[in-house]
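Numbering (my numbering), first residue to last: 169 to 315. The beta carbon of each residue, even a glycine, is placed where N, CA and C say it ideally should be.
Put into structure tokens, the structure is as follows:
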């Protein structure tokens, strides 16, 4: 009778070892598969969270770099425009000072030929002036000289 008695498994009380041994292995496999799937899901979730964090950080960095670069370009262009305006202002002041000595004399003080000679000399000295017209007090043009 001892040979015919069913063997009892120490792992699962009440089950026969010889008849149910092939059925025990599939019972452990789903637990391992479930653990493997759960681990894979956690790893995938962790990787997704890290990727989203890195991607959002990268987008913010690019956005702020773009804004900073844009502000820097605007500042540089403003400085260049101010420098150009200062050069143009200086150029105009030089022309005004050159014109000053030709307009100081009243009309009765010199002849028209003397004024024409002064105007031609001014055109030679200041290449930026291409045409000169002098008007009298009534607004009538008395002299016109050009290159």
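Run through the DSSP bridge pairs and tell me what residue i is partnered with.
i: residue 312; result: 301
Between the C-alpha atoms of residue i and residue j, what's the straight-line distance to the nearest angstrom?
i: residue 228; j: residue 214; result: 21 Å
i: residue 304; j: residue 313; result: 15 Å
i: residue 311; j: residue 250; result: 37 Å
i: residue 204; j: residue 232; result: 42 Å
i: residue 269; j: residue 308; result: 21 Å
i: residue 210; j: residue 230; result: 30 Å
i: residue 198; j: residue 219; result: 31 Å
Please identify the residue among the options whose C-alpha is closest to the C-alpha of residue i.
i: residue 301; options: 216, 294 and 284; result: 284
i: residue 266; options: 247, 295 and 238; result: 295
i: residue 287; options: 315, 230 and 208; result: 315
For residue i, I'd like the list of residues in its chain whose CB is within less than 8 Å of its CB, leaving aside the five on either flank, ordered along the chain.
i: residue 297; result: 263, 266, 267, 290 and 291
i: residue 299; result: 312, 313, 314 and 315
inquiry  = Within 8 Å, do at least three Cβ pairs link the region 276-291 to the region 237-252?
reply    = no
ask   = If we count Cβ pairs, one from each stretch, closer than 8 Å, do we get three or more for the region 248-262 versus the region 220-228?
value = no
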